[in-house]
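Chemist: Quick one: the structure is below, and I'll ask about it shortly.
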Amino acid sequence: MKLFVKHVSIFALAQMAAGLIAFAYSVVTARILGVTEYGLFQVLLSMNALALAFTLPLNFAVVHCAGVTEEKERDIVTGEFLKVAFLGSVSMVTLLLLAAPFLTAFFKISQFGVILNVGVLIIANALTTVFYGRLQGEKRFVLFSWIRVIQTVAVLILGVFLMKVGLSSSGAIAGYYLGMILVLVFFLSQSKMYAWQKGYSHIQNELKSVTWIVFCVWTVMMLDNIPMMMARGRLSEVMSGYYASVYNLRNAIWPLAYAVILPFYSHSLEKTQDETMMFRQAVRMLLFLGGGFVVVGLAFAKPLFHFLYGAKFSEASYLMSFYGVVILAEIVMLLLMFFEIAKGKMSVTRIILPLAVLGVALYLWGAEIEGLLAAPVLAAFSYFLIFALSDAQKPARP
Numbered sequence: 388m389k390l391f392v393k394h395v396s397i398f399a400l401a402q403m404a405a406g407l408i409a410f411a412y413s414v415v416t417a418r419i420l421g422v423t424e425y426g427l428f429q430v431l432l433s434m435n436a437l438a439l440a441f442t443l444p445l446n447f448a449v450v451h452c453a454g455v456t457e458e459k460e461r462d463i464v465t466g467e468f469l470k471v472a473f474l475g476s477v478s479m480v481t482l483l484l485l486a487a488p489f490l491t492a493f494f495k496i497s498q499f500g501v502i503l504n505v506g507v508l509i510i511a512n513a514l515t516t517v518f519y520g521r522l523q524g525e526k527r528f529v530l531f532s533w534i535r536v537i538q539t540v541a542v543l544i545l546g547v548f549l550m551k552v553g554l555s556s557s558g559a560i561a562g563y564y565l566g567m568i569l570v571l572v573f574f575l576s577q578s579k580m581y582a583w584q585k586g587y588s589h590i591q592n593e594l595k596s597v598t599w600i601v602f603c604v605w606t607v608m609m610l611d612n613i614p615m616m617m618a619r620g621r622l623s624e625v626m627s628g629y630y631a632s633v634y635n636l637r638n639a640i641w642p643l644a645y646a647v648i649l650p651f652y653s654h655s656l657e658k659t660q661d662e663t664m665m666f667r668q669a670v671r672m673l674l675f676l677g678g679g680f681v682v683v684g685l686a687f688a689k690p691l692f693h694f695l696y697g698a699k700f701s702e703a704s705y706l707m708s709f710y711g712v713v714i715l716a717e718i719v720m721l722l723l724m725f726f727e728i729a730k731g732k733m734s735v736t737r738i739i740l741p742l743a744v745l746g747v748a749l750y751l752w753g754a755e756i757e758g759l760l761a762a763p764v765l766a767a768f769s770y771f772l773i774f775a776l777s778d779a780q781k782p783a784r785p
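Reading the sequence shown from the start, the letters are residues 388 to 785 in the numbering used here.
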């Protein structure tokens with residue numbers, strides 16, 4: 388338990404630093420781009436995040452494999468995941484480009500190159516995710532944390548420069564993948580981090596665990612990002628910009644939430660750990676994070692928005708406390724999912740129901756900004772209901 392708390396503390400401090408820098412970048416981006424262009428910028432990030440329904444779970448998969456695989460096999464495992472990351476992300480980019488005519492029309496995008504920029508970001512994100520997962524699985528949280536901080540600083544510098552020279556939202560996106568490319572150059576120069584070998588035999592042995600991780604993260608990503616995309620398509624450009632300003636605030640919470648969830652999952656793989664005690668402590672940490680966000684939104688939203696985004700975004704401040712409830716519901720939902728994966732109790736029903744609730748809620752209320760905020764909360768609560776009603780004495784699946 389003490390080791391778990393130590394790793395959470397180290398990880399949280401670095402994630403806080405990286406998160407603050409990333410948040411500063413998004414705030415500067417809002418001030419440079421303005422309300423309507425900032426809405427487009429956040430939609431592009433949502434496209435990337437939905438593609439991470441495939442690539443982001445690679446992080447959790449590598450965490451799992453690096454945690455249970457013998458040290459001499461880890462380089463081979465990393466190499467196999469790098470191949471999967473590249474092929475999978477290229478496939479996602481291909482689908483994105485095929486859908487480009489629809490996306491440019493629905494999201495009011497004037498240039499095809501903007502979509503192409505997102506494609507480059509997806510590939511770079513997939514590859515860096517594998518290396519970060521390797522470090523986390525080996526519990527090398529200090530090295531992981533330093534590299535994350537360096538990456539976010541590079542993104543801030545490069546992105547602001549590109550926007551200042553007139554590349555607007557495309558430059559903002561380019562800042563992200565250029566920072567990732569710098570990190571990739573470092574990782575690829577470390578020969579002991581990966582090894583190439585034909586086939587995927589080591590990954591195949593982990594498919595069952597990886598599959599549930601993929602579906603669970605994908606489900607939460609849908610709840611987090613589909614409303615932002617719907618805002619751009621169904622609301623006015625100004626209102627979608629307002630939604631983007633509260634949607635951006637998730638960057639202040641998710642890094643810290645992952646700083647709790649990832650070490651919890653990594654330690655839960657060790658049978659000697661007191662999983663129930665860790666779970667309860669993790670829940671308390673997440674409730675503190677999400678609850679604090681809601682309290683700040685209730686007490687200081689208007690001056691905070693004016694300070695962060697400027698006067699043009701002040702009218703969106705009333706949405707902050709509502710969005711805090713969204714974030715709280717999502718981070719607790721992801722933790723519960725990982726808890727059930729660890730206990731062997733995850734099922735398809737527990738994934739399908741929240742997505743069905745999300746779809747119905749967006750269909751009924753998606754034309755209003757308040758409805759876009761309510762939909763993911765209702766979806767998450769449908770999962771909470773299943774979790775609460777599940778038989779605590781039901782034996783775990785083998």
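For every residue, glycine included, the Cβ atom is placed at its ideal position computed from N, Cα and C.
Which residues in the same chain as MET617 place their Cβ atom closer than 7 Å to its Cβ, once the five residues preceding and following it in sequence are excluded?
Modeler: LEU749, GLY753, LEU759.
Chemist: Take the Cβ of PRO488 as the centre, count every other Cβ of all protein chains shown within 10 Å, and call the residue buried at 16 or more, exposed below.
Modeler: Exposed, by the Cβ-count rule.
Chemist: Between PRO785 and the rest of its own chain, which residues show a CB-CB distance below 8 Å, the 5 nearest in sequence each way excluded?
Modeler: Because PRO785 carries a pLDDT of 46, less than 50, the predicted location of this residue cannot be relied on, and the following value inherits that uncertainty. Cβ within range, chain order: GLY731.
Chemist: Tell me the DSSP secondary structure of TYR581 in three-state form.
Modeler: Coil, per DSSP.
Chemist: Between MET733 and the rest of its own chain, which residues show a CB-CB distance below 6 Å, the 5 nearest in sequence each way excluded?
Modeler: Same-chain partners within the cutoff: TRP599, GLU727.
Chemist: Suppose contacts are defined by Cβ-Cβ distances below 9 Å. Is ALA703 in contact with VAL633 by that definition?
Modeler: Yes, Cβ-Cβ distance for ALA703 and VAL633 is below 9 Å.
Chemist: Measure the beta-carbon distance from LEU722 to GLN523 and round it to whole angstroms, keeping in mind my assumption that it falls under 8 Å.
Modeler: The Cβ separation is near 16 Å, so there is no contact.
Chemist: For ALA766, which residues in the same chain have their Cβ closer than 6 Å to its Cβ, ignoring the five residues on either side in sequence?
Modeler: Within the same chain, ALA766 has close Cβ partners LEU610, PRO741, VAL744, LEU745.
Chemist: DSSP three-state label for LYS495, please.
Modeler: Reduced to three states, the DSSP call for LYS495 is coil.
Chemist: If distances are taken between C-alpha atoms only, which option among ALA762, PHE651, ALA492 comes closest to MET664?
Modeler: Checking every option, the nearest Cα to that of MET664 belongs to PHE651.
Chemist: Would you give the residue range spanned by the alpha helix (DSSP H) that TYR710 belongs to?
Modeler: Element bounds for TYR710: 707–729.
Chemist: Contact defined as beta carbons within less than 8 Å: I believe LEU483 pairs with ILE502. What is the distance between those atoms, to the nearest angstrom?
Modeler: Confirmed, about 6 Å.
Chemist: Following the continuous alpha helix (DSSP H) through ARG737, name the residue where it begins and the one where it ends.
Modeler: It spans 736–752 - the alpha helix (DSSP H) in which ARG737 sits, taken as one unbroken run.
Chemist: If we ignore side chains and look at the alpha-carbon of each, how far apart do ASN446 and SER413 end up?
Modeler: So the alpha carbons of these two residues sit roughly 23 Å apart.
Chemist: Is it true that the CB of LEU715 sits closer than 9 Å to the CB of PHE768?
Modeler: Their beta carbons are not under 9 Å apart, which means PHE768 does not touch LEU715 by this criterion.
Chemist: Out of MET550, SER701, ALA511, VAL529, which has the shortest C-alpha to C-alpha gap to GLY566?
Modeler: Here the closest residue by C-alpha is ALA511.
Chemist: When the Cβ atoms of the region 535–552 are set against those of the region 462–470, are three or more pairs found closer than 8 Å?
Modeler: The region 535–552 vs the region 462–470: no contact.
Chemist: In the DSSP assignment, find the alpha helix (DSSP H) that holds GLY586 and state where it starts and stops.
Modeler: Looking at the DSSP string, GLY586 is not in any alpha helix (DSSP H), and its letter there is neither H nor E.
Chemist: Assuming contact is defined by CB atoms lying nearer than 9 Å, are ARG535 and ALA401 in contact in what I supplied?
Modeler: Yes. Within cutoff.
Chemist: Taking only the alpha-carbon atoms, compute the straight-line gap between HIS693 and LEU575 and give it to the nearest angstrom.
Modeler: C-alpha separation (whole angstroms): 42 Å.
Chemist: Please check the pair LEU674 and LEU643, which I expect to be a contact at CB under 8 Å, by giving their CB distance rounded to whole angstroms.
Modeler: 12 Å between Cβ atoms; not a contact.
Chemist: How would you write the range of the alpha helix (DSSP H) that ALA561 sits in, first residue to last?
Modeler: Per DSSP, ALA561 belongs to the alpha helix (DSSP H) from 555–575.
Chemist: Would the beta-carbon of ASN612 fall within 9 Å of that of SER557?
Modeler: Contact: no.
Chemist: Whole angstroms are fine: how far does the CA of GLY697 sit from the CA of PRO782?
Modeler: Interpretation of PRO782 is limited by its pLDDT of 49, a score under 50 that renders its predicted location unreliable; no figure is taken from the coordinates.
Chemist: Applying the 10 Å Cβ sphere with the 16-neighbour rule, what's the burial state of GLN577?
Modeler: Exposed, since its Cβ has fewer than 16 Cβ neighbours within 10 Å.
Chemist: Going by other Cβ atoms of all chains shown within 10 Å of its Cβ, with 16 needed for buried, is PHE528 buried or exposed?
Modeler: It is buried - the Cβ of PHE528 has at least 16 other Cβ atoms within 10 Å.
Chemist: Using a Cβ-Cβ cutoff of less than 8 Å, which residues in the same chain neighbour LYS699 once the five nearest sequence positions on both sides are dropped?
Modeler: Once the five neighbours on either side are set aside, the close Cβ partners of LYS699 are GLY421, VAL422.
Chemist: Have a look at ASN638 and ALA409 and give me their C-alpha separation to the nearest angstrom.
Modeler: When rounded, the distance between both Cα atoms is 7 Å.
Chemist: Return the CA-CA distance between ILE463 and TYR581, expressed in angstroms with no decimal places.
Modeler: Their Cα atoms are separated by approximately 6 Å.
Chemist: Hey, quick one: how far does the alpha helix (DSSP H) through ALA646 stretch, first residue to last?
Modeler: Unbroken alpha helix (DSSP H) run through ALA646: 641–655.
Chemist: Do ILE537 and LEU439 come within 9 Å of each other at the CB atom, strictly closer than that value?
Modeler: No, Cβ-Cβ distance for LEU439 and ILE537 is not below 9 Å.
Chemist: Looking at the structure shown, is MET609 part of a helix, part of a strand, or coil, going by DSSP?
Modeler: Helix.
Chemist: Does GLY562 pass the burial test, meaning 16 or more other C-beta atoms within 10 Å, or should it be called exposed?
Modeler: Buried is the call here.
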